[in-house]
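**Q** Right, I'll just put the structure down here and ask away after.
Residue numbers (the numbering used here): 210 to 562.
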């Protein structure tokens, strides 16, 4: 079986930016909005070569070599593919499709005065908005977000996808275990959308982002729908597997450790941040969700977070729908699993009846 990453990108769009700033996370001052016109800038660590126009673009990435079927796609239209990397030796097809909805930069300044880089796909002035949250050490242009937003636009729903502080193109330092810090980043994005006169129809998060959207609903409980894709129920689990007993002991002794990320990069985990994760009680948090409808989607072959976590959420969340995708791994790599995930999300975000 050949896994397929569905990357749906917008081609040749005009971009604009605006920033929202507040003096403190708990203040209610009006946001300041700035607008300017810029060009669409794409950064990528991949080697991309272009064949003659009728043959499309050839993408060559870490042993992956596939030709795009698009014949009018410019290299600048590939949006931030720099973090897409194989987990095993395998091939993957990148499918790029244009979106009719215009895409613009959406920059929100959080309570720590850090700029959060985002993108708004605008399906119309009065349309509802879905906010998408990425997972651990990921970014706004992950394959699930890129597959979802054009489908939402086709149904007249706008979307915002953004990088949490310290991730992707956003400012700030990465934090391993402070889930509540990301909840407040999300809060600023929600309020920025509302400041434009739009309704937030749903928030969706994958993996660590799934925990973030659930904790958001627990604290604010002010959006109609939360979609939790592969969020972890017991956040205390997985820690020893990631760092090992020696790493945990050294973190406690020295206050921080450096962890490898791929072959050339590292990230820092502090003992303080680890304690914040260990002190996060998802069971107690989600029991307090009263108004928000929750949908949890999980794959049976998730190699990072066991599918049993979805069943645990199903036991304790009041207004909850659980969907299990047979055979899907943590990132829904296979094309059929990614398509099934997107269809389930659309069924709940954009119901036909």
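Even glycine gets a Cβ: it sits at the ideal position worked out from N, Cα and C.
To which residues of the same chain is residue 528 closer than 6 angstroms at the C-beta, ignoring the five residues directly before and after it?
**A** Answer for residue 528: 502, listed in chain order.
**Q** Would you say the segment 308–321 touches the segment 357–376, given that touching needs at least three Cβ pairs under 8 angstroms?
**A** Yes, they touch.
**Q** List the DSSP bridge partners of residue 371.
**A** Answer by DSSP bridge pairing, in chain order: 327 and 342.
**Q** If we call anything under 8 angstroms between Cβ atoms a contact, is residue 386 one with residue 486?
**A** Yes.
**Q** When you compare the segment 352–364 with the segment 545–556, are there three or more beta-carbon pairs, one atom per stretch, that lie closer than 8 angstroms?
**A** Taking 8 angstroms as the limit for Cβ pairs, the verdict is that the segment 545–556 does touch the segment 352–364.
**Q** Return the first residue and the last residue of the alpha helix (DSSP H) that residue 484 is part of.
**A** Note, residue 484: alpha helix (DSSP H), 480–487.
**Q** Which of the three DSSP states, helix, strand or coil, is assigned to residue 552?
**A** Looking at residue 552 - three-state DSSP - the assignment turns out to be helix.
**Q** Taking C-beta to C-beta, are residue 468 and residue 475 nearer than 8 angstroms?
**A** Yes, these two residues count as a Cβ contact at 8 angstroms.
**Q** Looking at C-alpha atoms only, which residue of 534, 441 and 403 is the closest neighbour of residue 421?
**A** Measuring from the Cα of residue 421, the nearest candidate turns out to be 441.
**Q** I'd like to confirm something about residue 371: is its beta-carbon nearer than 7 angstroms to some heavy atom of the ligand GTP, or not?
**A** Only the bare structure without any ligand can be found here, which leaves the ligand GTP out of the picture.
**Q** List the residues that DSSP assigns as beta-bridge partners of residue 436.
**A** According to DSSP, residue 436 bridges with 413 and 504.
**Q** Using 8 angstroms as the Cβ pair cut-off and three pairs as the minimum, do the segment 421–439 and the segment 452–466 touch?
**A** No, they do not touch.
**Q** Do residue 437 and residue 424 count as a contact pair if the criterion is CB distance below 8 angstroms?
**A** Not a contact, by the Cβ cut-off of 8 angstroms.
**Q** Looking at the unbroken alpha helix (DSSP H) that takes in residue 402, where does it start and where does it end?
**A** Segment 388–404, the alpha helix (DSSP H) holding residue 402.
**Q** Does residue 529 come out as helix, strand or coil in the three-state DSSP assignment?
**A** The answer is strand: DSSP assigns residue 529 an E or B state.
**Q** Could you tell me the boundaries of the beta strand (DSSP E) in which residue 311 lies?
**A** Element bounds for residue 311: n/a, residue is neither H nor E.
**Q** Report the three-state DSSP secondary structure of residue 444 (helix, strand or coil).
**A** Looking at residue 444 - three-state DSSP - the assignment turns out to be coil, as it is neither helix nor strand.
**Q** Just mark residue 461 as buried or exposed, buried being the case when its beta carbon has 16 or more other beta carbons within 10 Å.
**A** Under this definition residue 461 is an exposed residue.
**Q** Leaving out five residues on either side along the sequence, give the residues of the same chain with a beta carbon under 8 angstroms from the beta carbon of residue 366.
**A** Cβ neighbours of residue 366 beyond the five flanking positions: 332, 336, 337, 338, 339, 410, 558 and 559.
**Q** Do residue 325 and residue 312 have their C-beta atoms within less than 8 angstroms of each other?
**A** The answer is no: Cβ separation not under 8 angstroms.
**Q** Starting from residue 512, trace the beta strand (DSSP E) both ways and give me its first and last residue.
**A** Neither: residue 512 is in no beta strand (DSSP E) and is coded neither H nor E.
**Q** Using the rule of at least 16 other Cβ atoms within 10 Å of the residue's Cβ for burial, across every protein chain shown, is residue 391 buried or exposed?
**A** Looking at its Cβ environment, which holds 16 or more other Cβ atoms inside 10 Å, residue 391 is buried.
**Q** CB residue 508 to CB residue 525, shorter than 8 angstroms?
**A** No.
**Q** Taking only the alpha-carbon atoms, compute the straight-line gap between residue 510 and residue 537 and give it to the nearest angstrom.
**A** Distance between the alpha carbons of residue 510 and residue 537 is about 5 angstroms.
**Q** Would you check if the distance between the CB atom of residue 498 and the CB atom of residue 427 is smaller than 8 angstroms?
**A** Cβ atoms of residue 498 and residue 427: closer than 8 angstroms.
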